[in-house]
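Here is the structure we will look at.
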Amino acid sequence: MGMWVGRGRKARVAYGFDDIALVPGTLTINPNEVDISWDLCGRRFDIPIMAAAMDGVVGPRLAIEMGRLGGLAVLNLEGIFARYENPDEVLDRIVSASQEEATKIIQSIYGESIKEELIHERIAEIKKGGGPVAVSSIPQRAERFAQIAQEAGADLFIVQSTVTTARHLATEYVPVDLKKLKTQLAIPLIV
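Residue numbering for the sequence shown follows the numbering used here, starting at 447 and increasing by one per position.
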């Protein structure tokens, strides 16, 4: 599958949101007879929605509510919920800032260090709320945070990045060994 991009070179086609259009078909189905549930790592979800691991989208309250409704929300372990005891105050600062101030405020907010005890607290909070606990981090912190998340009771760990390949070569740092990480975890690992 793919298209030719030069002599002897083929590339796969990738699509973005602007490239996709939904066109009505010639058949309709009674909504009562449709199953929209899905399975991920042995867990069934009633609604086909997975909320993104972004501070402006997912916090413990939304993760709990999404779980209650049958969906899945992913908490970013590198976001404000793992940096601040009271993240609502931080979010209020961002929301109330002017466009000129917002960038500086966001930079200062993410300058705060990540606190492992807050990772434990947030996971426990979601667990107590009854929802599945899905958390994420970037590859550079995946080995450390996956272990912490597993110890805290997370159900699923996601390595988040714009582009991820099976192997990553680097001489300036030691890249995460995804195969090794998978064997070290008892919880599912999604990349």
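We put the CB at the ideal spot given by N, CA and C, even for glycine. In this text the structure is predicted, and so the values were computed from the model without any measurement.
Inset, instruction - Could you check which residue in 477, 513, 498 has the C-alpha nearest to that of residue 490? - result: Here the question's residue 490 lines up with position 44 in the sequence shown. Closest by alpha carbon: 513.
Inset, instruction - Label residue 597 either buried or exposed according to how many other C-beta atoms from any shown protein chain fall within 10 Å of its C-beta, with 16 as the threshold for buried. - result: Numbered from its first residue, the sequence shown carries residue 597 at position 151. Its Cβ having fewer than 16 others within 10 Å, residue 597 is exposed.
Legend entry - Straight-line Cα distance separating residue 492 from residue 477: Translated into the one-based positions of the sequence shown, residue 477 becomes position 31. Translated into the one-based positions of the sequence shown, residue 492 becomes position 46. So the alpha carbons of these two residues sit roughly 14 Å apart.
Legend entry - Whole-angstrom C-beta distance between residue 580 and residue 602, which should lie under 8 Å: The count along the sequence shown starts at 1 and reaches residue 602 at position 156. The count along the sequence shown starts at 1 and reaches residue 580 at position 134. Residue 602 to residue 580, Cβ: 4 Å. Contact.
Inset, instruction - Please go through the same chain and pick out, in chain order, the residues whose beta-carbon is closer than 6 Å to the beta-carbon of residue 595, but skip the five residues on each side of it. - result: Mapped onto the sequence shown, residue 595 falls at position 149. These residues qualify, in order along the chain: 581, 603.
Legend entry - residue 501 burial status per 10 Å Cβ neighbour count (16 or more: buried): In the sequence shown, residue 501 corresponds to position 55, counting from 1. Buried.
Inset, instruction - Identify every run of the beta strand (DSSP E) within the region 565–625, keeping only runs that are complete inside it and at least 3 residues long; order them along the chain. - result: The beta strand (DSSP E) runs lying completely inside the region 565–625 and spanning 3 residues or more are 580–583, 602–605, given in chain order.
Inset, instruction - With a floor of 4 residues, list each alpha helix (DSSP H) that falls wholly inside the region 483–542, ordered by position along the chain. - result: 506–515, 533–542
Legend entry - Three-state secondary structure (DSSP) of residue 475: Residue mapping note: residue 475 aligns to position 29 of the sequence shown, counting from 1. DSSP, read as helix, strand or coil, puts residue 475 in coil.
Legend entry - Among 508, 585, 522, 451, nearest to residue 610 - alpha-carbon criterion: As a working note, residue 610 is residue 164 in the sequence shown. When each option's Cα is compared against that of residue 610, the closest is 585.
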